[in-house]
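>
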Amino acid sequence: MASSSSASFAYDDGGGAFKPARPRKNRKTKTGCSRIPPEVALERTRQELKSGDWLRECSDLLLEPSQLLWANSPEVLCLGLGSPSSSRDARAQLVFLLEICDRISLDPSKVSVYDPVFSEEDEQLLESVSIRRLTENRAPYPLPNPTIVFMPHCDLHLYENLIHENWTTDRMSRLLLIANRLSEYVDSIPSQKLAADFPCISRLAPLLQSRPLPHCASHTTAFTNLAIQYVRPQDLPPEPGQVENKTTDDISSIATASSSSHSLAFWSLPGTSSRAEIMPVASA
1 MASSSSASFA
11 YDDGGGAFKP
21 ARPRKNRKTK
31 TGCSRIPPEV
41 ALERTRQELK
51 SGDWLRECSD
61 LLLEPSQLLW
71 ANSPEVLCLG
81 LGSPSSSRDA
91 RAQLVFLLEI
101 CDRISLDPSK
111 VSVYDPVFSE
121 EDEQLLESVS
131 IRRLTENRAP
141 YPLPNPTIVF
151 MPHCDLHLYE
161 NLIHENWTTD
171 RMSRLLLIAN
181 RLSEYVDSIP
191 SQKLAADFPC
201 ISRLAPLLQS
211 RPLPHCASHT
221 TAFTNLAIQY
231 VRPQDLPPEP
241 GQVENKTTDD
251 ISSIATASSS
261 SHSLAFWSLP
271 GTSSRAEIMP
281 VASA
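By the UniProt record's numbering, the letter at position 139 of the sequence shown is numbered 139, and the numbering carries on one by one without gaps.
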């Protein structure tokens, strides 16, 4: 796992980081034929994923949180996608993102993606589906507006950095994360280490509503361990000072309001160290 001072854009593949394959132009198959153009491969993947009920089941999982978290259409940020022109998993994840946006009536122009591994072919492919490619790393990504964040199989430090940057009641109550199930880190990492190295995740994970994506038979590794995760606004402790600014009637309406000391303990984080940067992974 990357250090906090100089992290790579590592990917979590069931417990181990891996390096995304570099795209190679004009690769040949064993029979000597040129590989399928990325646009054709993307359309084939789209048809594979649309052939059953999997996409419908995924979009159904978004109905409740979308009604709960947002009055208006959210923005979408995708980080760590990988190279859809050369990776079958990344291509399936891109189709998932496009289809989910379509099924919940989100304009693709509101979708932004960033990954330092994007090749020229990837850039052309993203442009062809009207997705905006960020040309520079904006880590740790402040999210002032309601946002769906899609971060498939990213390093735990990157999840922590994103949440840390948006560690307020307002932002956390409008964030929906489609990513590795954070509760599994709570179960697998010793509590003291988790609290010390990932303080936001250690506090937020127990409050999260988690909806695991259903099994995808055609692209098993692309979606393994991913879940739709969000926190209901009423489950977040009020930030210090919020209760004092409420009227008596307002205070009585806060469901399961935590004590001031608990609120302070939840929202106050240890001194910040330099955050992990999203950088290309060095070649082997």
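Note that beta-carbon positions come from the ideal geometry of N, C-alpha and C, so glycine has one too.
Since the structure is predicted, the reported quantities are computational estimates derived from the model, not experimental observations.
State the Cα-Cα distance for the pair Val95 and Phe198, rounded to the nearest angstrom.
Translated into positions along the sequence shown, residue 95 becomes position 95. Translated into positions along the sequence shown, residue 198 becomes position 198. Near 31 Å, if we compare the C-alpha coordinates of Phe198 and Val95.
> Among the residues of its own chain, which have a CB less than 8 Å from the CB of Pro240, if the five just before and after it don't count?
As a working mapping, residue 240 is identified with position 240 in the sequence shown. Short of 8 Å from the beta carbon of Pro240, and not among the five residues preceding or following it, lie these beta carbons of its own chain, in chain order: Ser260, Ser263, Leu264, Trp267, Ser268.
> For Ala265, which beta-bridge partners are listed by DSSP?
Position 265 of the sequence shown, counted from the first residue, corresponds to residue 265. Partner(s): none; Ala265 has no beta bridge.
> For a test of your reading of the model: does the CB of Arg211 fall under 7 Å from any non-hydrogen atom of the ligand FMN? Yes or no.
By its list of ligands, the structure shown contains no ligand whatsoever, and the ligand FMN lies outside what it can speak to.
> Tell me which same chain residues have a C-beta within less than 7 Å of the C-beta of Phe118, skipping the five on either side of it?
Residue mapping note: residue 118 aligns to position 118 of the sequence shown, counting from 1. Only Ser83, Arg133 meet the Cβ criterion.
> Less than 8 Å separating the beta-carbons of Met151 and Leu79?
In the sequence shown, counting from the first residue as 1, residue 151 sits at position 151. In the sequence shown, counting from the first residue as 1, residue 79 sits at position 79. Yes, the pair counts as a contact, with Cβ atoms nearer than the cut-off.
> Could you say if the region 224-234 and the region 110-127 meet the contact criterion of at least three C-beta pairs nearer than 8 Å?
Output reads no: the region 110-127 does not touch the region 224-234.
> Considering only C-alpha positions, which residue in the set Asn166, Lys50, Tyr141 is nearest to Asp102?
Start at 1 with the first residue of the sequence shown, and residue 102 comes out as number 102. The residue with the shortest Cα to Cα distance from Asp102 is Lys50.
> So Phe198 is in the beta strand (DSSP E); what residue range does that whole segment cover?
Stepping through the sequence shown from its first residue, residue 198 is reached at position 198. Counting along the chain, Phe198 falls outside any beta strand (DSSP E), and DSSP gives it neither H nor E.
> Could you check the C-alpha separation between Ala217 and Leu236 for me, to the nearest Å?
Within the sequence shown, the letter at position 217 stands for residue 217. Within the sequence shown, the letter at position 236 stands for residue 236. Rounded to the nearest angstrom, the two C-alpha atoms are 36 Å apart.
> What first and last residue would you give for the alpha helix (DSSP H) that runs through Ala222?
For the purposes of this step, residue 222 is taken as the residue at position 222 of the sequence shown. Per DSSP, Ala222 belongs to the alpha helix (DSSP H) from 220-223.
> Considering only the beta carbon of each residue, do Ser173 and Ser210 sit closer than 8 Å?
On the sequence shown, position 173 is the one that residue 173 refers to. On the sequence shown, position 210 is the one that residue 210 refers to. With a cutoff of 8 Å on beta-carbon distance, Ser173 and Ser210 are scored as not near each other.
> Quick check: what's the CA-CA separation for Ser86 versus Thr221?
As a first step, residue 86 is located in the sequence shown; it is residue number 86 there, counting from the start. As a first step, residue 221 is located in the sequence shown; it is residue number 221 there, counting from the start. Approximately 15 Å, taken between the alpha carbons.
> Which one of Asn145, Pro116, Ala205 has the shortest CA to CA distance from Asp170?
What you label residue 170 is simply residue 170 of the sequence shown in a count that begins at 1. Minimum Cα distance to Asp170 is reached at Asn145.
> Following the continuous beta strand (DSSP E) through Val40, name the residue where it begins and the one where it ends.
On the sequence shown, residue 40 is found 40 positions in, with the first residue counted as 1. Here Val40 belongs to no beta strand (DSSP E); instead the alpha helix (DSSP H) covers 38-50.
> Tell me, please, which residues DSSP counts as bridged to Ser210.
Working through the sequence shown from its first residue, we reach residue 210 at position 210. BP columns for Ser210 point to Gln229.
> Buried or exposed for Arg56, please, with buried defined as at least 16 other CB atoms from any protein chain shown within 10 angstroms of its CB.
By 1-based counting over the sequence shown, the position of residue 56 is 56. The residue is exposed, with fewer than 16 neighbouring Cβ atoms inside 10 Å.
> Can you check whether the CB of Leu61 is closer than 8 Å to the CB of Ile104?
The residue labelled residue 104 in the question sits at position 104 within the sequence shown. The residue labelled residue 61 in the question sits at position 61 within the sequence shown. Result no, Cβ atoms of Ile104 and Leu61 do not sit closer than 8 Å.
> Comparing C-alpha positions only, which one of Ala90, Leu98, Tyr114 sits nearest to Asp107?
Counting from one through the sequence shown, the residue named residue 107 turns up at place 107. Closest option to Asp107, Cα to Cα, is Leu98.
> Rounded to a whole number of angstroms, what is the C-alpha to C-alpha distance between Ala195 and Val40?
Within the sequence shown, numbered from 1, the residue matching residue 195 stands at position 195. Within the sequence shown, numbered from 1, the residue matching residue 40 stands at position 40. Each residue's alpha carbon lies about 46 Å from the other.
> Could you compute how far the alpha carbon of Arg88 sits from the alpha carbon of Phe223?
Start at 1 with the first residue of the sequence shown, and residue 88 comes out as number 88. Start at 1 with the first residue of the sequence shown, and residue 223 comes out as number 223. The alpha-carbon atoms of Arg88 and Phe223 are separated by roughly 12 Å.
> Out of curiosity, what's the CA-to-CA distance linking Arg181 and Gln67?
In the sequence shown, counting from the first residue as 1, residue 181 sits at position 181. In the sequence shown, counting from the first residue as 1, residue 67 sits at position 67. When rounded, the distance between both Cα atoms is 22 Å.
> For Pro238, is the classification buried or exposed, using 16 other Cβ atoms within 10 angstroms of its Cβ as the cut-off for buried?
Working through the sequence shown from its first residue, we reach residue 238 at position 238. Answer is buried; the Cβ neighbour count reaches 16.
> Can you give the Cα-Cα distance for Ile100 and Ile148, rounded to whole angstroms?
Within the sequence shown, the letter at position 100 stands for residue 100. Within the sequence shown, the letter at position 148 stands for residue 148. Spanning the two alpha carbons is a distance of roughly 11 Å.
> Is Tyr141 near Ile201, with beta carbons less than 8 Å apart?
Position 141 of the sequence shown, counting from 1, holds the residue named residue 141. Position 201 of the sequence shown, counting from 1, holds the residue named residue 201. For Tyr141 and Ile201, no; Cβs fall outside 8 Å.
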